[in-house]
Every structure is written in C-alpha cells, then in structure tokens.
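Residue numbers (the numbering used here): 69 to 932.
We treat Cβ as the ideally placed atom computed from N, Cα and C, and that holds for glycine.
Keep in mind that this is a model prediction, so the values were computed, not measured.
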C-alpha cells in the first residue's frame with residue numbers, strides 16, 4: 069500500500085540531505101564573504117569555531133534558502149524538489165530512513181496533495197521555521213543570522229534578498245530578558261574579525277522593555293535591531309467612544325436603530341480594518357527590507373501554534389500584526405524579506421509544521437552530549453510533604469557536595485500557586501535542610517509576589533550561574549510559573565513538580581529547564597514528578613518531540629564511555645622548527661606576447677541561465693536559455709578597459725598596459741568582445757595575467773627553533789574529559805599484550821581515545837614495530853591542549869588554520885615521522901592535500917618525514 073504524504077512528511081530532512089549531497093555545487097554560487105562567514109563557523113575548517121554542530125547546520129540551511137534558493141516559499145521549494153525541477157533534477161532517491169532507493173517512496177499525486185496542503189498555509193512573504201530543542205542556543209543562532217544579514221546587505225545594498233533591519237519578537241517579558249544576549253553577545257565568536265568593524269559601526273539596538281518606551285528609529289535607516297515582545301508592537305482594536313466631532317466628520321446620523329448599532333459592533337469585532345496602530349508600529353513601517361525573527365514560537369502560541377503561525381489566528385495574534393506590517397511596508401515601497409520562526413520542536417500534536425527548514429530534536433541533542441542525560445523519577449500515592457522530603461534527600465546525596473565549573477548544583481521546585489509555596493513547600497524544605505545540617509540561606513524564592521520575593525532575590529535569581537555571587541550559592545529555587553523559556557541556568561541539575569499545573573505543556577517546559585549542558589563531561593539531571601505529571605510528560609514528549617521517557621532513558625550509545633585523561637609526567641616535548649613566511653616581489657622581464665587563456669575559456673561558466681517549464685505536468689520539459697542581457701554590465705572601450713586595469717598597477721604606465729593587450733595572443737578586439745559580454749574576465753584573467761608577466765613573487769622561509777609540548781596541563785582541574793567507543797580506548801595500564809610488552813614506548817597521556825579502528829590498529833602496529841623507539845597518539849588533542857600543530861592555508865576560505873596530526877613517531881635511528889590516518893574517500897580532498905603540503909614543508913625543515921596512510925591499508929597490516 070502506498071504511503072501517504074501527509075502532515076507527518078518530514079520534507080526538511082530530505083531538503084537537508086540534498087544540501088549535504090550538493091554542498092560543493094551550491095557553495096560555488098555563494099558570494100565570497102558568505103563562504104568566509106560559513107568557514108569561520110565550521111569546526112571542520114576552524115577548530116576554534118564557536119557554534120555547535122546543530123547551530124552551524126541551521127545556519128547553513130538559512131544561507132542555502134536565502135542565497136541559493138532566493139528566499140523562495142517552502143511550497144515552491146517542495147514543488148521543485150518533488151518534480152525534480154531545476155537544481156533538484158539530479159537529486160537522489162531516499163526513503164524516510166535515509167536509505168537510497170531506486171524510486172521515490174511517494175507517487176506524484178501524493179506529492180501534489182501534500183503541495184496543496186502546505187501551500188494553503190503560505191503568507192504573502194516567505195515564512196520559515198528553525199526547530200532546535202531547548203539548550204542548543206537558538207538566541208545565539210538568531211544573532212548569527214542577523215549579523216550575516218547586515219554584513220551581506222552592507223556589501224550588496226541593492227540585493228533585495230538580504231534584510232536591512234531586524235524585528236525580534238519575544239512571547240513575554242521573561243524571554244525578552246533572555247534576548248539581551250543578542251546585544252551583549254561577543255560578535256567575534258561568529259563573525260570573522262575583518263568584518264566586525266562594519267557591524268559595530270552600523271548596528272543600532274532598540275530594546276522595547278517597558279510599555280512606555282518609544283521606538284526612536286530614523287525613517288529609512290538601516291541596521292536596526294528592534295527587540296520587543298508582542299504587546300509592545302501588536303495592533304489594538306479601536307474601543308473608545310466616538311466624540312460628537314468624530315460622529316460629525318464620520319457621517320454618523322443621529323437616531324440610528326438598535327439593529328444598526330449591533331451590526332456596527334459586529335463589524336468592529338470582525339473587521340481587521342478597525343485595528344489601530346501605535347507609535348512603534350508607525351515607526352516600523354518606515355524602515356526598509358524588514359526581517360522578522362520570532363523567538364520561542366512554540367511557547368508564544370502553545371497548542372495553537374499551527375493556527376497562529378498561519379491564517380486563522382485571532383485578530384490580535386502576532387501573525388495578524390506581522391501581516392499588517394507586511395501590507396503597510398509594501399504600501400511604502402518596501403517589504404518583509406521573510407519571517408523566521410525559532411522554536412524548540414517541529415511538531416504540534418505530533419504533526420510536522422509545513423514550513424520547517426531545519427530541526428534538531430531532543431533525543432539527538434542528548435545522544436550527542438549537547439544536553440545533560442536525564443533520569444525521571446515518578447511518585448504515586450504519596451502526599452506532597454512525603455514527596456518533598458524524599459526528593460530533597462535524594463538530590464543532596466547525588467549532587468549536594470559537588471561543584472561544576474565553580475557552581476553548586478541547584479534544584480528547582482515548582483508550586484502551583486504562591487500560597488502553596490509559602491504555606492506548604494517552604495516549611496517542609498526548611499525542615500529537611502535543618503535535619504541535613506544545610507544552611508537555610510541556600511533557599512531562593514521567586515514567585516512574583518513582593519512580600520515573598522524581594523529585589524535582592526531577583527538579583528540572585530539572575531546570577532544563579534555567575535560564579536562568586538550570592539546567587540550562585542543558592543541551591544533550592546522555589547518557583548511559580550517559571551517553567552517556561554527565558555531563564556537559563558546551566559547549574560540546574562534537578563526539577564521537582566508534584567501538583568499538576570493548569571497547562572500540560574508546562575510539565576514539559578519545566579522539565580527541560582535542567583537539561584542545559586555544564587562541563588565538557590555529560591552530566592545527568594534528575595526530574596522528580598508525581599505519577600500524574602510523569603504521564604503528562606510522556607504524552608507531551610510524544611506530541612512535541614516524537615519520543616518518550618523510556619527512549620530518553622535508553623538513549624545513550626552503550627558502547628561509549630567517558631574517561632578522564634591526564635598528562636603523564638614529565639610532559640613530553642620535542643624540538644621543531646616553527647615556520648614563518650616572508651613574501652617579496654621582484655620585477656620580471658616582460659615577454660613580447662602575453663596569452664591570457666581566453667581562447668580556451670569555458671565561457672558557459674559565466675553565462676546567466678533561465679530555466680522554463682511550461683505547466684505543472686511532470687511530463688513537460690525544462691528548457692534552458694542564456695539570459696546574459698539580464699546582467700548589469702559595463703561596456704568598455706579600449707581606453708576605459710586600459711584605465712580599469714591600470715587601477716591595479718599604479719607604477720605601470722597606461723601605454724604599457726595598452727601595449728600588452730594589443731600585442732597579446734588574443735588581441736584587443738577579442739579581449740573587448742569577451743570582456744563586454746562578461747566583465748568578470750577582467751579580474752579573473754586579465755589582471756592576474758598582467759601581474760604574472762610583470763612580477764615574480766618570492767617566498768622566504770623564516771625558521772624558529774621551538775620546544776613543542778605535546779600535551780599541556782589543563783587550566784582547570786587535574787584532567788581532560790574525553791568520550792569514545794569503549795573498544796577504541798587504551799590506557800597505559802591496559803592488559804593488552806602489545807601494550808604490556810612495549811611499556812615505555814608510548815603514552816604522553818595516560819589514556820588514548822581513538823576515533824577509528826584504523827587509528828587503533830596503527831598504534832598497536834607501531835608499538836610492536838622493532839624499528840620504533842617511541843610513538844604518541846596526538847590526534848585527539850587540539851586547540852589549547854597542545855603545541856603540536858601545523859599551520860596551513862585553507863584552500864576554500866584562504867584562511868590560516870591549525871592542523872593537528874594523528875601520530876608522532878620517533879625511530880631507533882633518531883629520526884621522526886609525522887603520520888596521519890585517513891579514510892580512502894578523503895585522500896583526494898583539497899583540504900587534506902593542503903594539510904599534507906604544509907605538514908611536508910614543516911617536516912622537511914625539522915628533519916622529519918610526513919606520511920598519510922589509508923585506513924584500508926592499515927587494516928590489511930600495511931603500516932609504515
């Protein structure tokens with residue numbers, strides 16, 4: 069029976085698969101500054117990149133939709149994908165488990181039905197949803213996207229794909245406070261340093277925290293970030309009574325019938341035209357190229373997310389406000405570029421929202437150690453007092469006397485009402501803490517009542533994760549209605565909720581408060597619930613994350629193990645040459661005739677192309693045609709072409725440049741014809757060709773003799789934390805016969821955690837090799853852990869990176885080898901080749917040898 073492509077169809081997964089398959093081809097269409105921005109945030113190219121993998125993947129999809137898909141509506145993208153049109157013509161077939169198949173698992177009719185379903189939700193502007201589970205850093209991702217928008221719009225102001233202004237919506241005041249991170253966030257963590265000055269000089273932040281705050285943007289200005297919650301912008305219905313003057317000028321007639329009054333009231337309630345705007349709304353519609361970013365969308369709309377995000381929301385909903393903004397901006401000659409919704413889950417009542425671009429779920433986040441592990445404990449048939457006594461004692465036994473990154477572990481205990489916290493919960497907690505000999509100063513109450521919560525309590529609550537403050541010393545946090553988004557506490561290790569709240573989703577939101585990661589090692593949080601709340605949690609997990617408590621408990625890869633890794637004394641050091649390069653330019657004798665390679669140039673690579681498909685029938689043919697006439701280009705004469713090139717050679721006479729062009733193999737007429745068809749040829753071929761004929765670039769290597777420490781002691785604590793497959797972990801005290809028989813030949817760290825079987829196999833081969841004096845596995849250490857690295861230039865971004873080789877081997881004859889293990893499919897990768905070239909140069913200058921070994925050869929027993 070054929071599958072049904074209904075609202076459970078996860079199109080975003082197929083779209084992400086297509087992006088990964090076609091990444092190289094897609095990147096070729098990106099602007100140079102975009103490639104630099106991506107590479108700076110890619111840990112594979114920049115080991116010091118700040119973004120986590122889910123954040124970076126979401127950024128990749130954000131840029132893919134904008135810069136490659138031109139901000140197309142999701143239903144348009146799906147239609148092309150399902151019909152294999154245009155860029156999707158050569159996409160692979162996959163089933164929903166990600167396995168390649170010979171055919172699509174859905175029929176054209178099923179795809180078309182799904183297309184109709186998602187099209188009905190479309191607004192007049194693109195609408196996208198990015199779903200990253202709580203704790204993965206949606207606010208940082210949002211800031212990174214806004215910085216990208218402003219950077220690109222500053223470089224290409226005429227390109228209408230990019231936002232010139234950003235309006236950020238928060239659902240309530242609590243989340244509004246968390247969005248201050250957009251303002252305080254260190255841009256250098258996600259923005260390449262050469263571009264930070266551009267942003268700092270132009271970005272203006274408007275934080276509408278109070279109801280009376282006016283929006284002071286300049287009409288038509290750019291690079292404004294306006295952060296507000298819905299209530300600060302949202303349109304209000306006109307409810308005030310008309311004055312006599314109003315009635316006179318509005319044409320009201322005295323003596324209207326009661327029926328007319330009733331009909332007028334009904335029209336007022338139902339007619340969106342009766343909405344009145346406020347000062348902030350009026351200022352917003354005078355800004356150009358607006359991008360709208362909705363934070364914590366799932367919380368803002370709750371169970372009505374699907375309805376509120378799309379048509380059918382109430383007149384005072386956020387969607388109505390955004391739609392009105394879009395309409396008014398269009399009337400002003402501008403527009404909403406797109407609306408970007410950031411949420412914790414792509415599901416509503418177990419259905420996938422149709423405009424999801426990227427999603428990273430709760431289970432994957434825990435499996436990959438982006439969140440704490442979870443232990444959920446439920447209690448039935450117990451009273452509230454018994455519940456509190458048991459959980460506090462259990463919490464104290466598990467976490468009480470420990471510290472994590474200088475912070476004491478904390479427990480959040482939720483009450484359904486303020487009176488419950490005051491009369492029931494706090495007295496029991498004080499009683500139990502007194503029995504345990506714990507100071508009552510560890511208690512913090514934040515319930516929204518000035519009698520119970522003072523200003524210093526709010527200050528301490530905001531400082532729970534600030535080391536050295538009074539807030540950081542609090543451990544038992546008593547709350548009412550603080551389970552929702554907006555307060556982040558990494559040192560929160562436990563949540564307790566006994567009475568069932570009015571909102572079922574509150575149980576899920578409160579539970580997830582304690583999952584944020586702290587320390588490099590994955591910690592375990594404990595959630596204490598009544599049985600009723602435990603059942604609610606399980607149901608909400610299924611509806612919002614398509615998982616369950618049982619699956620969360622059994623999420624970990626049982627083969628993975630966390631191990632402490634310590635430096636073996638004394639720390640191992642070797643002498644190497646650190647290389648620096650000095651470049652100089654020398655004049656060359658200009659040859660009589662230059663050849664720019666234009667006659668052999670594949671001119672099609674410069675052509676603008678249009679794809680035409682008549683009708684929507686899958687049988688119709690896609691026609692391609694060249695549309696170079698659509699490209700804005702300069703028409704050069706001999707004089708203006710020479711003048712353009714002379715800008716790059718201030719010391720060369722224009723007459724000399726003209727002579728080179730005239731006497732070239734191509735000749736001036738051919739050069740002019742090709743340049744006027746494709747202006748890019750000037751910078752791609754002519755300028756480099758003339759430079760190469762005039763100058764010779766010389767590179768001098770400056771050697772610095774340094775002591776390289778293979779492993780440095782950690783700055784905090786006595787050891788590093790690593791996690792790996794238990795089968796790939798080897799310690800110096802291992803009972804393995806190869807290790808036992810070759811003691812003293814290795815281990816600058818007491819434990820090695822290998823990434824692959826070929827790495828482990830090579831290590832054992834090196835240990836047993838009689839030619840080897842010492843061997844050290846260095847590939848697991850990066851960044852601040854080691855000085856053993858090779859500088860190289862990334863061939864794609866042209867940035868200087870650090871490469872950390874896998875092995876350092878000292879032979880019995882006193883020579884050294886640097887070894888790298890690579891999968892067979894990676895041997896021809898451009899970045900691998902760039903690393904190899906740089907490492908070979910360093911090795912030669914340091915009297916060493918560098919070699920890359922294929923994983924398949926190692927497994928066959930072919931080592932060095």
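Beta carbon of residue i nearer than 9 Å to that of residue j
{"i": "residue 768", "j": "residue 860", "result": "no"}
{"i": "residue 276", "j": "residue 291", "result": "no"}
{"i": "residue 547", "j": "residue 579", "result": "no"}
{"i": "residue 739", "j": "residue 729", "result": "yes"}
{"i": "residue 857", "j": "residue 814", "result": "no"}
{"i": "residue 38", "j": "residue 199", "result": "Because the chain in this structure spans residues 69 to 932, residue 38 falls outside the shown range and cannot be described."}
{"i": "residue 927", "j": "residue 826", "result": "yes"}
{"i": "residue 444", "j": "residue 201", "result": "no"}
{"i": "residue 887", "j": "residue 898", "result": "no"}
Option nearest residue i by Cα separation, candidates the options
{"i": "residue 915", "options": "930, 902 and 773", "result": "773"}
{"i": "residue 753", "options": "763, 771, 664 and 746", "result": "664"}
{"i": "residue 530", "options": "96, 674, 559 and 505", "result": "559"}
{"i": "residue 514", "options": "526, 504, 506 and 508", "result": "526"}
{"i": "residue 446", "options": "662, 566 and 464", "result": "566"}
{"i": "residue 592", "options": "834, 128, 121 and 479", "result": "479"}
{"i": "residue 762", "options": "537, 750 and 654", "result": "654"}
{"i": "residue 534", "options": "485, 472, 570 and 575", "result": "472"}
{"i": "residue 672", "options": "611, 704, 660 and 746", "result": "746"}
{"i": "residue 264", "options": "216, 274, 297 and 285", "result": "216"}
{"i": "residue 146", "options": "119, 130 and 181", "result": "181"}
{"i": "residue 909", "options": "448, 603, 252 and 644", "result": "644"}
{"i": "residue 257", "options": "193, 354, 116 and 222", "result": "116"}
For residue i, the three-state DSSP class (helix, strand or coil)
{"i": "residue 512", "result": "strand"}
{"i": "residue 778", "result": "coil"}
{"i": "residue 929", "result": "coil"}
{"i": "residue 523", "result": "helix"}
{"i": "residue 924", "result": "helix"}
{"i": "residue 406", "result": "strand"}
{"i": "residue 308", "result": "Note on residue 308: pLDDT 45, under 50, position unreliable in the model; no value is reported."}
{"i": "residue 80", "result": "helix"}
{"i": "residue 826", "result": "helix"}
{"i": "residue 799", "result": "strand"}
{"i": "residue 75", "result": "With a pLDDT of only 45 at residue 75, under 50, the local geometry of the prediction cannot be trusted, and the value read off the model is given with reservation. Three-state DSSP puts residue 75 in coil, outside helix and strand."}
{"i": "residue 768", "result": "strand"}
{"i": "residue 863", "result": "coil"}
{"i": "residue 628", "result": "strand"}
{"i": "residue 151", "result": "coil"}
First and last residue of the uninterrupted beta strand (DSSP E) at residue i
{"i": "residue 490", "result": "Residue 490 -> no beta strand (DSSP E), and no H or E assigned at all."}
{"i": "residue 561", "result": "560 to 565"}
{"i": "residue 235", "result": "233 to 238"}
{"i": "residue 915", "result": "Unbroken run through residue 915: none, as it is neither H nor E."}
{"i": "residue 594", "result": "592 to 598"}
{"i": "residue 791", "result": "788 to 793"}
{"i": "residue 359", "result": "358 to 362"}
{"i": "residue 655", "result": "641 to 655"}
{"i": "residue 102", "result": "Residue 102 -> not in any beta strand (DSSP E); alpha helix (DSSP H) instead, spanning 100 to 108."}
{"i": "residue 427", "result": "424 to 428"}
{"i": "residue 446", "result": "441 to 447"}
{"i": "residue 875", "result": "875 to 879"}
{"i": "residue 200", "result": "195 to 200"}
{"i": "residue 294", "result": "292 to 297"}
Integer Cβ distance of residue i from residue j, believed to fall under 8 Å
{"i": "residue 892", "j": "residue 923", "result": "6 Å"}
{"i": "residue 816", "j": "residue 636", "result": "6 Å"}
{"i": "residue 186", "j": "residue 409", "result": "Residue 186 to residue 409, Cβ: 15 Å. No contact."}
{"i": "residue 456", "j": "residue 506", "result": "Not a contact, Cβ separation roughly 14 Å."}
{"i": "residue 884", "j": "residue 895", "result": "So it is not a contact: roughly 23 Å between Cβ atoms."}
Residue interval of the alpha helix (DSSP H) (run including residue i)
{"i": "residue 811", "result": "Here residue 811 belongs to no alpha helix (DSSP H), and DSSP marks it neither H nor E."}
{"i": "residue 350", "result": "347 to 352"}
{"i": "residue 437", "result": "Note, residue 437: premise wrong, no alpha helix (DSSP H); not H, not E."}
{"i": "residue 399", "result": "386 to 399"}
{"i": "residue 179", "result": "176 to 187"}
{"i": "residue 459", "result": "452 to 467"}
Test: residue i CB closer than 9 Å to a CB of chain C
{"i": "residue 913", "result": "The structure shown contains no chain C, having only a single protein chain."}
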